[in-house]
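All residue numbers for the sequence shown refer to this note's numbering, where the first residue is 5 and numbers rise by one.
See structure below.
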Amino acid sequence: MASPHLLLLAGIGGHAPDEALDSLATLSDTVSVVYVTAWQPSKEVRADWERRGLHGEFLDAADLDAAVEAAAALHDRLPLNGVVTYSELLLRPQAEIAGRLGLPGNTPQAVTVAQSKARQRLVFAEHGVPSPGFEVITSDRDLAAAAARVGLPGVFKPSLGAGSQCVRLVSTYSELIHAFTVARAEKTAFLQSDDAYLLEERMALEADGDSGYAAYCSVESLLAAGVTHHLAVSDRLPLEHGYAEEGVVLPTRLDAASTKAVIDVADQAIRAIGLTCGAVHTEIALSADGPKVIEVNARAGGPLPTMFEVAAGYDYAAQIGRSALGLPPTGLPEFTRVALLRFLPIPAGLWRVAAQRPVEEVLRDFPELVYLSPRFTPGQRVSRQRTLHLASFMVDAPDVFAARAITARVERALGIRLVPGYGATTGADRD
Numbered sequence: 005m006a007s008p009h010l011l012l013l014a015g016i017g018g019h020a021p022d023e024a025l026d027s028l029a030t031l032s033d034t035v036s037v038v039y040v041t042a043w044q045p046s047k048e049v050r051a052d053w054e055r056r057g058l059h060g061e062f063l064d065a066a067d068l069d070a071a072v073e074a075a076a077a078l079h080d081r082l083p084l085n086g087v088v089t090y091s092e093l094l095l096r097p098q099a100e101i102a103g104r105l106g107l108p109g110n111t112p113q114a115v116t117v118a119q120s121k122a123r124q125r126l127v128f129a130e131h132g133v134p135s136p137g138f139e140v141i142t143s144d145r146d147l148a149a150a151a152a153r154v155g156l157p158g159v160f161k162p163s164l165g166a167g168s169q170c171v172r173l174v175s176t177y178s179e180l181i182h183a184f185t186v187a188r189a190e191k192t193a194f195l196q197s198d199d200a201y202l203l204e205e206r207m208a209l210e211a212d213g214d215s216g217y218a219a220y221c222s223v224e225s226l227l228a229a230g231v232t233h234h235l236a237v238s239d240r241l242p243l244e245h246g247y248a249e250e251g252v253v254l255p256t257r258l259d260a261a262s263t264k265a266v267i268d269v270a271d272q273a274i275r276a277i278g279l280t281c282g283a284v285h286t287e288i289a290l291s292a293d294g295p296k297v298i299e300v301n302a303r304a305g306g307p308l309p310t311m312f313e314v315a316a317g318y319d320y321a322a323q324i325g326r327s328a329l330g331l332p333p334t335g336l337p338e339f340t341r342v343a344l345l346r347f348l349p350i351p352a353g354l355w356r357v358a359a360q361r362p363v364e365e366v367l368r369d370f371p372e373l374v375y376l377s378p379r380f381t382p383g384q385r386v387s388r389q390r391t392l393h394l395a396s397f398m399v400d401a402p403d404v405f406a407a408r409a410i411t412a413r414v415e416r417a418l419g420i421r422l423v424p425g426y427g428a429t430t431g432a433d434r435d
């Protein structure tokens, strides 16, 4: 049988292209790439693809529409069997390519809902999926009514977004007006737009009692060959800097009954949206009234493919590629270790990095580190405008107690010191 022809859409965010190619190359020796250059040039990824000696083509596309056309033209030359992306920002062209070429994938309609928190809320209300109370805001004329119906304090968020950018607690009407004004002026990495925003009832997500975890988690699912596989539940570390994520732990500490409850709610949400293919990352609040859906994402959570590999030796990225080919997974994960991803949030305000230990030294001192990714270097200025985090790192440990102890030691070893001030160059956003 001929090797299937897989197409990887890349360009920004999600699982790193080199790691994605590592996984997809286990499925086929014919892996093409359409790289959207709107954010950055493709030179390094192209060179890596060429070094691998894969069959197929490497194509640049200026934007999302051009990516769809490039894939269609490639299909005419060398028929495609599947299209995959690991990036939130490339879900729309993935769905359009799959639909246009008759390949396995989610419909554009389902992806439109998955990428719109406002549409999700409306769909959940229609299907009785547990989720917080909300009001959709499309202009400043909606603000007063939204505040009256939802109540304050509430949570304001853009309908289209990722990484908790512009998500904030608003306690007064003036704070709501300010949040709406700032969000509308914010430039995002998305090449598509959504003029809707949400005001939602506040759920106490910051901490789950004295458990040492936040009161929310995520269900990691794989939809393949008509079957939904809920692979795992991942926990979150307590929130201490607004809604900026602090960390992810895999596998979960929840008991069997709690795990089943959050999976059941995630399953309802996925079905309501109409997703049928690929990875799904569903965030669930652990509220006093039972699990409630925060949001559904039609892709793997950014670090989850690596976390599955660390904690279970499971190639989640390859299984997502199999789903794109219409194939079932070759197996399900069995966890033998713990992966902990720690985000170091930026405190509110304007700062400059006065000190930070070199990455190479920290990696040398901590063999348990899977990776360490600082967002800034000493001398650079820091704010939450482009990223919410100073750095992120992942720990591989035999159990959660060891993982948390190592994490604390790495944080201290990093030695990041901030001073008030803004007289320096900006740092790169690598979220």
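Ideal placement from N, C-alpha and C gives every residue a C-beta, glycine not left out.
Beta-ladder partner(s) of residue i, from DSSP
i: Cys221; result: Asp239, Ile288
i: Arg172; result: Phe160
i: His182; result: Note: His182 sits in no beta bridge, so no partner.
i: Glu205; result: Gly158
i: Tyr39; result: Ala14, Asp64
i: Ala343; result: Leu254, Asp400
i: Val436; result: Only positions 5 to 435 of the chain appear in the structure, and residue 436 is not among them; the question remains open.
i: Tyr375; result: Met398
i: Glu415; result: DSSP lists no partner for Glu415.
i: Thr34; result: His9, His59
i: Thr381; result: Answer is none; Thr381 lacks a bridge partner.
i: Glu139; result: Leu203
i: Glu299; result: Glu287
i: Ala228; result: Val231
i: Gly294; result: Ser291
i: Leu348; result: Ala395
i: Gly282; result: Leu227
Cβ neighbours of residue i in the same chain (closer than 7 Å, five flanking residues each side left out)
i: Ala193; result: Ile16, Trp43, Leu93
i: Arg421; result: Ala358, Ala359
i: Pro134; result: Val269, Gly294, Pro295, Lys296, Val297
i: Ala211; result: Ala218, Ala219, Pro242
i: Phe128; result: Ser135, Ala273, Ala276, Val297
Of the listed residues the options, nearest to residue i (C-alpha basis)
i: Glu23; options: Leu105, Leu331, Trp53; result: Trp53
i: Ala316; options: Pro402, Arg275, Gly246, Arg326; result: Pro402
i: Gly165; options: Ala149, Ala118, Ser7; result: Ala118
i: Lys296; options: Glu204, Ala260, Leu422, Gly282; result: Glu204
i: Gly419; options: Gln360, Leu367, Thr280, Thr142; result: Gln360
i: Ser215; options: Val133, Asp198, Arg257; result: Arg257
i: Ala352; options: Pro162, Thr411, Arg96, Arg172; result: Arg172
i: Lys191; options: Cys170, Asp26, Ser175, Arg56; result: Cys170
i: Ala285; options: Ser91, Leu243, Val87, Ala76; result: Strictly speaking, residue 285 in this sequence is His, with Ala absent from that position. Minimum Cα distance to His285 is reached at Ser91.
i: Ala304; options: Arg275, Pro157, His234, Val186; result: His234
i: Leu373; options: Glu364, Thr381, Pro424; result: Glu364
i: Lys121; options: Ser27, Asp199, Ala65, Gly103; result: Asp199
i: Ala6; options: Asp33, Leu28, Ser27, Ala29; result: Asp33
i: Glu130; options: Ala417, Ser27, Arg275; result: Arg275
i: Gly213; options: Ala261, Ser168, Ala292, Tyr177; result: Ala292
i: Leu226; options: Arg388, Gly282, Tyr375; result: Gly282
i: Gly383; options: Thr411, Gly425, Tyr177; result: Gly425
i: Val38; options: Arg50, Leu28, Gly246, Val300; result: Arg50
Own chain, CB closer than 6 Å to residue i, minus 5 neighbours either side, in chain order
i: Val253; result: Asp239, Leu344
i: Phe370; result: Val414
i: Pro255; result: Ala236, Phe339
i: Ala407; result: Val342, Leu344, Val399, Ala401
i: Thr89; result: Leu13, Gln98
i: Gly155; result: none
i: Leu308; result: Glu224
i: Trp492; result: Outside the modelled stretch of the chain, which goes from 5 to 435, sits residue 492, for which no answer is possible.
Whole-Å CB distance - residue i paired with residue j, under 8 Å assumed
i: Phe138; j: Arg123; result: Contact flag wrong, Cβ pair sits at about 11 Å.
i: Arg346; j: Phe397; result: 6 Å
i: Tyr220; j: Ile324; result: Not really, about 23 Å apart at Cβ, beyond 8 Å.
i: Ala14; j: Pro21; result: 5 Å
i: Ala74; j: Leu63; result: 5 Å
i: Ser168; j: Leu392; result: 6 Å
9 Å Cβ cutoff met for residue i and residue j
i: Pro337; j: Tyr318; result: yes
i: Ala229; j: Leu31; result: no
i: Ser36; j: Gly60; result: yes
i: Thr232; j: Asp268; result: no
i: Leu78; j: Leu329; result: no
i: Pro349; j: Ala248; result: yes
i: Leu105; j: Ala70; result: no
i: Thr150; j: Leu107; result: Checking the displayed sequence, the identity of residue 150 turns out to be Ala instead of Thr. No.
i: Phe380; j: Leu367; result: no
i: Thr116; j: Gly103; result: no
i: Ile101; j: Leu84; result: yes
Sequence-distant residues of the same chain with beta carbon closer than 8 Å to residue i, five excluded per side
i: Phe184; result: Ile141, Asp144, Leu147, Phe160, Tyr201
i: Ala289; result: Pro136, Met207, Leu209, Ala219, Tyr220, Pro295, Lys296, Val297, Ile298
i: Ala114; result: Ala99, Ile277, Gly278, Leu279, Thr280, Ala302
i: Asp67; result: Val40, Ala42, Leu195
i: Thr263; result: Val237, Thr256
i: Glu250; result: Ala218, Arg240, Leu241, Pro242, Leu243, Glu244, Arg346, Phe347, Pro349
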